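S.K.: Here it is, the structure in full.
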Amino acid sequence: MRIAFVSIDTVHHRETETNQRFQTILEVLRDHGHDVHCFCAGFWDDESPTLERDEITYHAVTDDVDARRSFCLRLPFDLAAAGADIVHANAQPPTAVLAANWGATLARAPLLVEWYGDGGVDDDRWTRRATKRGDRLVTPSELVATWVRERGADGDDVETVPNPIDVDRIQSVTPADRVDVVYARRLDEGANLESLLLGLAELRGRDWSTTVVGDGPERAAYERLASDLRIEDRITFVGDLSLEERIAVYRGAHVFAQTAEHCVFPTEMCWALASGCVGIVEYHADSSAHELVEGWDRGFRTTSEEELADAILEAGDLEYREFDDRFADYDESVVADRYLEQYRTLQDEHGLL
172 MRIAFVSIDT VHHRETETNQ RFQTILEVLR DHGHDVHCFC AGFWDDESPT LERDEITYHA
232 VTDDVDARRS FCLRLPFDLA AAGADIVHAN AQPPTAVLAA NWGATLARAP LLVEWYGDGG
292 VDDDRWTRRA TKRGDRLVTP SELVATWVRE RGADGDDVET VPNPIDVDRI QSVTPADRVD
352 VVYARRLDEG ANLESLLLGL AELRGRDWST TVVGDGPERA AYERLASDLR IEDRITFVGD
412 LSLEERIAVY RGAHVFAQTA EHCVFPTEMC WALASGCVGI VEYHADSSAH ELVEGWDRGF
472 RTTSEEELAD AILEAGDLEY REFDDRFADY DESVVADRYL EQYRTLQDEH GLL
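When you read off a place in the sequence shown, starting at 1, and then add 171, the result is the number in the working numbering.
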């Protein structure tokens with residue numbers, strides 16, 4: 172299947188969570204043998220209109236990532252000439268969705284729009300128009316699906332597809348040393364690591380150990396807080412780790428704590444739960460993390476530091492695991508099949524099969 176992806180900027184322009192999700196989808200579908208093309212702003216040095224990289228063909232619709240008007244004017248004609256079976260567009264910016272919709276119409280191909288929602292979903296005229304375009308709208312979680320519906324999308328057109336993980340890769344990694352609690356995230360203003368530290372301080376009279384994975388501008392402040400709470404001797408800040416190293420930590424840990432205030436899909440938590448961790452989530456209105464643990468006997472949802480501390484104690488009664496096959500549905504092969512099912516359904520609805 173030839174798939175035309177549309178995103179003005181990519182991970183080769185900016186390393187954002189939204190762009191990383193989009194790139195992951197490109198690579199997963201490429202790995203499943205499909206002909207993947209990405210229509211974007213050029214990011215390579217020469218003036219060639221296309222670039223073949225890692226078996227993905229990038230098409231420079233414009234030379235400047237900030238030339239949005241030019242991108243939207245040229246995109247429909249580039250898509251019409253692409254001969255794609257499906258058009259798959261990033262929802263940011265929403266004006267590009269309108270252009271992709273026009274291009275898909277000219278190409279007589281169905282349009283699927285990816286609404287990731289990192290940073291929220293704006294409530295402006297262009298966004299509301301964009302939510303009404305596309306034969307299918309995909310979000311990473313029910314949280315973002317709700318935001319998109321609130322902006323005018325038809326609920327019947329919205330599907331939820333999570334970020335993928337690699338189950339085989341998890342099982343190939345040797346677990347690191349045992350640790351009671353692990354936390355992993357960029358340590359910035361949204362990390363809310365203080366909730367976990369305050370919860371752990373409630374348990375300072377008990378025997379436990381914690382690993383904090385990640386770095387960022389608030390790391391020093393969190394290290395000072397741990398010291399002020401007199402628990403710094405049992406918390407290890409290890410900084411940024413590779414995926415392989417993080418998986419090893421998760422497989423050695425008993426509990427993964429998720430306390431961030433904003434999260435459209437808790438990818439690191441998903442890796443950790445598949446690696447056998449018990450999941451403890453502090454509920455926040457702008458986080459979807461609780462969706463991973465609802466109705467699961469190894470998951471806890473809390474709303475305060477006291478409840479978080481109680482959940483850590485209760486989790487201690489659950490068995491230690493190094494893998495949990497409950498999360499096999501998040502494997503990249505399953506996620507790829509879900510996208511392909513959407514593509515084929517749309518083609519069938521358009522009489523293209």
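Positions of the beta carbon are idealized from the N, C-alpha and C atoms, including for glycine. Treat the numbers as computed from the prediction; the structure is a model and nothing was measured.
Which runs of the alpha helix (DSSP H) spanning at least 4 residues fall entirely within the segment 450-513, listed in chain order?
M.R.: Counting whole runs of 4 or more residues, the segment 450-513 contains the alpha helix (DSSP H) stretches 461-464 and 476-486.
S.K.: Ignore the nearest five residues each way along the sequence and tell me which others in Leu246's own chain have a CB closer than 6 Å to its CB.
M.R.: Here residue 246 refers to the residue found at position 75 of the sequence shown. These residues qualify, in order along the chain: Val232, Ala270 and Gly274.
S.K.: How far does the beta strand (DSSP E) with Arg173 in it extend, from its first residue to its last?
M.R.: Residue mapping note: residue 173 aligns to position 2 of the sequence shown, counting from 1. Unbroken beta strand (DSSP E) run through Arg173: Arg173 to Val177.
S.K.: With distances taken from CA atoms, which of Ala252, Glu186 and Asp202 is nearest Phe210?
M.R.: Position 39 of the sequence shown, counted from the first residue, corresponds to residue 210. The option with the nearest alpha carbon to Phe210 is Ala252.
S.K.: Could you have a look at Leu282 and say whether DSSP puts it in helix, strand or coil?
M.R.: Here the question's residue 282 lines up with position 111 in the sequence shown. Residue state, collapsed to three classes: strand.
S.K.: Counting pairs of Cβ atoms below 8 Å between the segment 429-439 and the segment 452-470, do you hit three or more?
M.R.: Cβ pair count under 8 Å is three or more, so yes.
S.K.: Round the Cβ separation of Pro346 and Glu439 to the nearest angstrom and send it over; I've been treating them as touching at under 8 Å.
M.R.: Along the sequence shown, read from residue 1 onward, the residue named residue 346 stands at position 175. Along the sequence shown, read from residue 1 onward, the residue named residue 439 stands at position 268. The Cβ separation is near 17 Å, so there is no contact.
S.K.: Are three or more beta carbon pairs between the segment 328-336 and the segment 351-362 nearer than 8 Å?
M.R.: Contact fails: fewer than three Cβ-Cβ distances are below 8 Å.
S.K.: In whole angstroms, give me the CA-to-CA distance for Asn261 and Val268.
M.R.: Within the sequence shown, residue 261 is the residue found at index 90, counting from 1. Within the sequence shown, residue 268 is the residue found at index 97, counting from 1. Going by the C-alpha atoms only, they are around 7 Å apart.
S.K.: Let me know if His388 comes out buried or exposed under the rule of 16 or more other beta-carbons within 10 Å of its beta-carbon.
M.R.: Position 217 of the sequence shown, counted from the first residue, corresponds to residue 388. The residue you asked about is not His; residue 388 is Pro in the sequence shown. It counts as exposed.
S.K.: In the DSSP assignment, the beta strand (DSSP E) including Ala424 goes from what residue to what residue?
M.R.: Sequence index remark: in the sequence shown, residue 424 carries index 253 (1-based). First-last of the beta strand (DSSP E) with Ala424: Ala424 to Gln429.
S.K.: Rank Leu200, His184 and Arg417 by C-alpha distance to the C-alpha of Tyr510 and give the top, closest one.
M.R.: Here residue 510 is taken as the residue at index 339 of the sequence shown, counted from 1. Tyr510 has its Cα closest to that of Leu200, out of Leu200, His184 and Arg417.
S.K.: Leaving out the 5 sequence neighbours to the left and right, which residues in its chain are closer than 7 Å to Arg469 when beta-carbon positions are compared?
M.R.: The residue labelled residue 469 in the question sits at position 298 within the sequence shown. The residues are Val449, Gly450 and Leu489.
S.K.: Note down, in chain order, each residue of its chain lying with its Cβ closer than 6 Å to the Cβ of Ala499, except the 5 sequence neighbours on either side.
M.R.: Position 328 of the sequence shown holds residue 499. Val338.
S.K.: Measuring CA to CA, which of Cys243, Leu282 and Leu368 is closest to Phe176?
M.R.: Numbered from 1 along the sequence shown, position 5 holds the residue referred to as residue 176. Here the closest residue by C-alpha is Leu282.
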